[in-house]
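These notes are about the structure you will find just below.
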Amino acid sequence: MELCVALEYYSRRLIRAINTSYHKVHNHNQHTTQHLTITKVLLMDITSFLKDNNLSVPFFVLSSIFFLLLVVKLAKPTSSKKLPPGPRGLPIIGNLHQVGDRPHASTAKFAKEYGPLISLRLGKQILVVASSPDAAREILKTQDRFLSSRVVPTAFQQPSLIPHSLIWSDCNQTWKGLRTLCRTELFSAKALESHSRLREQKLGHLVDFLHKNQGQVINLEDVVFITLFNTLTSIIFSRDFLDLKDVHGTRDGLNESLHKIIEYGGIIKDFGIRKGTMKQYNKTFAYWEDIIEERRAHVNSPTWSSENAESFLDRMLENGFSNDQINQLVTELFVAGTNTTTSSVVWAMTELVRHKEVIFKIAEEIKREINTDKISDSHLSKLPYLQASIKEAMRLHPPVPLLLPHMAAETCEVMNYTIPKNSKIFVNLWAMGRDPKVWDDPLSFKPERFIGSKIDIKGQDFELLPFGSGRRTCPRMPSGIKSVQLILASLINDFDLVLPNNVDPMKLDMSDKFGIALKMEKPLKELFVAGTNTTTSSVVWAMIELVRHKEILFKIAEEIKREINTDKISDSQLSKLPYLQASIKEAMRLHPPVPLLLPHMAAETCEVMNYTIPKNAKILVNLWEMGRDPKVWEDPLSFKPERFIGSKLDIKGQDFELLPFGTGRRMCPGMPLGIKSVQLILVSLINEFDLVLPNDVDPMKLDMSDKFGIALKMEKPLKVIFKSKD
103 MELCVALEYY SRRLIRAINT SYHKVHNHNQ HTTQHLTITK VLLMDITSFL
153 KDNNLSVPFF VLSSIFFLLL VVKLAKPTSS KKLPPGPRGL PIIGNLHQVG
203 DRPHASTAKF AKEYGPLISL RLGKQILVVA SSPDAAREIL KTQDRFLSSR
253 VVPTAFQQPS LIPHSLIWSD CNQTWKGLRT LCRTELFSAK ALESHSRLRE
303 QKLGHLVDFL HKNQGQVINL EDVVFITLFN TLTSIIFSRD FLDLKDVHGT
353 RDGLNESLHK IIEYGGIIKD FGIRKGTMKQ YNKTFAYWED IIEERRAHVN
403 SPTWSSENAE SFLDRMLENG FSNDQINQLV TELFVAGTNT TTSSVVWAMT
453 ELVRHKEVIF KIAEEIKREI NTDKISDSHL SKLPYLQASI KEAMRLHPPV
503 PLLLPHMAAE TCEVMNYTIP KNSKIFVNLW AMGRDPKVWD DPLSFKPERF
553 IGSKIDIKGQ DFELLPFGSG RRTCPRMPSG IKSVQLILAS LINDFDLVLP
603 NNVDPMKLDM SDKFGIALKM EKPLKELFVA GTNTTTSSVV WAMIELVRHK
653 EILFKIAEEI KREINTDKIS DSQLSKLPYL QASIKEAMRL HPPVPLLLPH
703 MAAETCEVMN YTIPKNAKIL VNLWEMGRDP KVWEDPLSFK PERFIGSKLD
753 IKGQDFELLP FGTGRRMCPG MPLGIKSVQL ILVSLINEFD LVLPNDVDPM
803 KLDMSDKFGI ALKMEKPLKV IFKSKD
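Residue numbers (our numbering): 103 to 828.
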């Protein structure tokens, strides 16, 4: 009997709560008030029945709790602000089940149905994804003040490290100081020039290694990664950490730890294991602890002078950096820089292998413009077709398919939609690069689309943003571009690339694997006959497109020969190679190294394209989709470097059709180095080698599937044979 009395009391309390809620919402929503009325009557009937029959039903208690929660929810006033449209999700998990393992591709598909600015829910978290140049411009430029905060994935939420992070910390004075130091010492024009000999030396080691391994199947990603990694360690620590001789074995401890840090850091499905990441961080730090202490003793000695500085480490120590600061910055430079550049190289090379005509054009460009055995940084400007091929590879295979997430610091308006505070914001570079509204024949690898085009990859052209744009632009963009160019040019110049087992290049598996860098699902492996691995992604994608389009490769080789005509190609020569540059743009259009720019987060609710972006929403820019949009690009799926010849589109973050490095304050600060690296690598390869697929594989049958990550990689690695040019 006591239970019934208690039950009656509880029920009356619940009914009073419903009455209160009824009055709150009566004038707001007639449909809701009807449901409340029905619920109240039902509860009163159940209570009377239980009391009259002296029954106790535990289920009633549970049902009452459910009804109470429903009442509370219904009592809340509905927001009049509208979010960007998107697919209907499930209770609790939202759209988690719809994102899948290739979020750059799934969000690109949603964009086709719901528009260039969409919203998703992963649990309680709002994600906003931009997939067009206009949407990217709104987020990365117009609303940059509200949307440039960072969302830190769970795996990277290390309290002792975040304040020292170049990637994840807020845009505060510490962050600005880090970017200024990196820009001055690593990525400025002066720094790039001072490091040019070092880049050329490491590239020489790669070429020599390939020459000594003629006829052997080589995993292009591994050798490019080691080359780029040692270039960076030499700049930072004045020594190499990895050895090309070990490329055929398993990854060593350092290499493995760096890759695991990347794997733990989920930027979409944020379920990273923080403990596991910290373990890998500590493993990585151990590799240079002794070096830091040794150099700290030198810097703190009475006889020390700034003129004695031998490395970037010395500059950090001079500025009073703690070990935590050094460890965090160096690890981020390694993880973000080498992986995205490696991805660019691999995708570019894969496209080149599949387009023999493109690689032929690049080889001709190298021969015509440079005509030397060794390609240097100074040669890269003379290779516009190579540069167009790299842009085209980055369009199709952006090194970072989704720009690292931004966060809305305040609620704001974007494109007439509300972006709530704390929303995660992504820019889908992968979608942008494949948008038929932006690119003609977007799925074709056509470096020619960048010949004469003003679209660049430095963050100003929002059609092509492989390095992002704005204040979050990748700081390594200058060095990344230069590395991709130099590697590709050198490989094309020195070798013929052949796929093993006479594989048809057009049957290469082009599937990608999502991650921080977009990688090929199946690594590209090549045979280097009489011949000799972020930025690596850009180089690989560009090379894949060139292998698939021999006529483009030939044009680049002719340009190199005509404009440079030297054995050694240097940074200073890259400006003479417009067709090479157009080819790189075209590769970055189709294969942006980062398919989705690292997600932004809405600091405040704002409006984007007449949609509401809630605070704290994740915002992504889909570069991959933008580069394949037929509304932006004519014949977007074709690899046509000529589309950039005479075009003003660049990849430096100003042209929103092409943003491989991002744009705005979150633009990749390494863009200049990244661009230079891609150009120099490509021109060197084209100048030194003929590229042949093993087993007479048809280049147009290469598997072009990509593998989503922060850098976009090939699902199946490209393997080719490099034949020395005599």
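For glycine and all other residues, C-beta sits at the position ideal for the given N, C-alpha and C. If you're wondering where the values come from, they're calculated on a predicted model, not measured in any experiment.
State yes or no: is the C-beta of residue i within less than 8 Å of the C-beta of residue j?
{"i": "A684", "j": "E744", "result": "yes"}
{"i": "L793", "j": "I328", "result": "no"}
{"i": "P70", "j": "S491", "result": "Residue numbering for the chain in the displayed model covers 103 to 828; residue 70 lies beyond these limits and cannot be assessed."}
{"i": "K391", "j": "V642", "result": "The sequence shown places Glu at residue 391, rather than the Lys named in the question. Contact: no."}
{"i": "Q303", "j": "L482", "result": "no"}
{"i": "L57", "j": "L435", "result": "As shown, the chain starts at 103 and ends at 828. That puts residue 57 outside it, with no answer to give."}
{"i": "L590", "j": "V447", "result": "yes"}
{"i": "K815", "j": "S640", "result": "no"}
{"i": "V723", "j": "L760", "result": "no"}
{"i": "N473", "j": "K663", "result": "yes"}
{"i": "S445", "j": "P501", "result": "yes"}
{"i": "N797", "j": "P602", "result": "yes"}
{"i": "K609", "j": "V799", "result": "yes"}
Do you know whose CA, among the options, lies nearest residue i's CA?
{"i": "T805", "options": "V794, P500, E817", "result": "Correcting the residue identity first, residue 805 is Asp in this sequence and not Thr. Nearest C-alpha to D805: E817."}
{"i": "K750", "options": "K556, T474, M418", "result": "K556"}
{"i": "K652", "options": "M802, P819, I220", "result": "M802"}
{"i": "I393", "options": "S408, L419, P404", "result": "L419"}
{"i": "I428", "options": "N603, E661, L415, P205", "result": "L415"}
{"i": "S233", "options": "K211, G225, K825, L224", "result": "K211"}
{"i": "D345", "options": "T333, I338, G225", "result": "T333"}
{"i": "P187", "options": "E215, D203, A207, G202", "result": "E215"}
{"i": "S478", "options": "K827, S786, N797, D798", "result": "S786"}
{"i": "S296", "options": "R691, P694, S672", "result": "S672"}
{"i": "I777", "options": "D563, I583, M451", "result": "I583"}
{"i": "P680", "options": "K615, K493, D757", "result": "K493"}
{"i": "A644", "options": "H206, E453, L610, E395", "result": "E453"}
{"i": "A755", "options": "P205, G764, G748", "result": "A small fix is needed here, since residue 755 is Gly in this sequence, not Ala. The shortest Cα separation from G755 among P205, G764, G748 belongs to G764."}
{"i": "S480", "options": "R301, H266, D737", "result": "R301"}
{"i": "L699", "options": "V231, K484, K539, A399", "result": "V231"}
{"i": "F204", "options": "P819, K615, P486", "result": "It should be pointed out that residue 204 corresponds to Arg in this sequence rather than to Phe. The option with the nearest alpha carbon to R204 is K615."}
{"i": "I686", "options": "D348, A495, F289, D542", "result": "A495"}
Within 10 angstroms of its Cβ, does residue i collect 16 or more other Cβ (buried), or is it exposed?
{"i": "H199", "result": "exposed"}
{"i": "E831", "result": "Any answer about residue 831 is impossible in this case: the structure gives the chain only from 103 up to 828."}
{"i": "P580", "result": "buried"}
{"i": "T440", "result": "buried"}
{"i": "E193", "result": "Note that residue 193 is Pro in the sequence shown here, rather than Glu. Exposed: under 16 other Cβ atoms inside 10 Å."}
{"i": "V822", "result": "buried"}
{"i": "I658", "result": "buried"}
{"i": "K278", "result": "exposed"}
{"i": "E409", "result": "exposed"}
{"i": "T286", "result": "exposed"}
{"i": "N384", "result": "exposed"}
{"i": "I195", "result": "exposed"}
{"i": "N421", "result": "exposed"}
{"i": "P732", "result": "buried"}
{"i": "R417", "result": "buried"}
Where do the N-terminal and C-terminal ends of the beta strand (DSSP E) with residue i fall, by residue?
{"i": "Y519", "result": "519-521"}
{"i": "Q562", "result": "554-575"}
{"i": "N473", "result": "472-480"}
{"i": "D416", "result": "Per DSSP, D416 belongs to no beta strand (DSSP E); it is in the alpha helix (DSSP H), 414-420."}
{"i": "A232", "result": "227-232"}
{"i": "A533", "result": "532-534"}
{"i": "S546", "result": "545-548"}
{"i": "E453", "result": "Here E453 belongs to no beta strand (DSSP E); instead the alpha helix (DSSP H) covers 441-456."}
{"i": "M703", "result": "699-703"}
{"i": "I715", "result": "713-715"}
{"i": "G196", "result": "Here G196 belongs to no beta strand (DSSP E), and DSSP marks it neither H nor E."}
How far does the alpha helix (DSSP H) with residue i in it reach, from first residue to last?
{"i": "H651", "result": "H651 -> not in any alpha helix (DSSP H); beta strand (DSSP E) instead, spanning 649-651."}
{"i": "S525", "result": "It is not in any alpha helix (DSSP H) - S525 carries neither H nor E in the DSSP assignment."}
{"i": "D236", "result": "235-239"}
Could you pull out every residue in the same chain whose Cβ sits closer than 6 Å to the Cβ of residue i, ignoring the five residues on either side in sequence?
{"i": "F387", "result": "N429"}
{"i": "E706", "result": "F248, A510, A511, E512, T513, C514, K523, K717"}
Leaving out five residues before and five after residue i in sequence, what residues of the same chain have Cβ atoms less than 7 Å from its Cβ?
{"i": "R767", "result": "D246, S250, C273, G572, R573, R574"}
{"i": "V516", "result": "L219, E240, I241, Q245, C708, E709, V710, M711, Y713, I715"}
{"i": "G217", "result": "P187"}
{"i": "G633", "result": "Here the model assigns G633 a pLDDT of 22, short of 50, so the residue's position is not dependable and the matter cannot be decided."}
Which same chain residues end up closer than 8 Å to residue i when comparing Cβ atoms and leaving out the 5 residues on each side of it in sequence?
{"i": "G225", "result": "I194, I195, G196, L198"}
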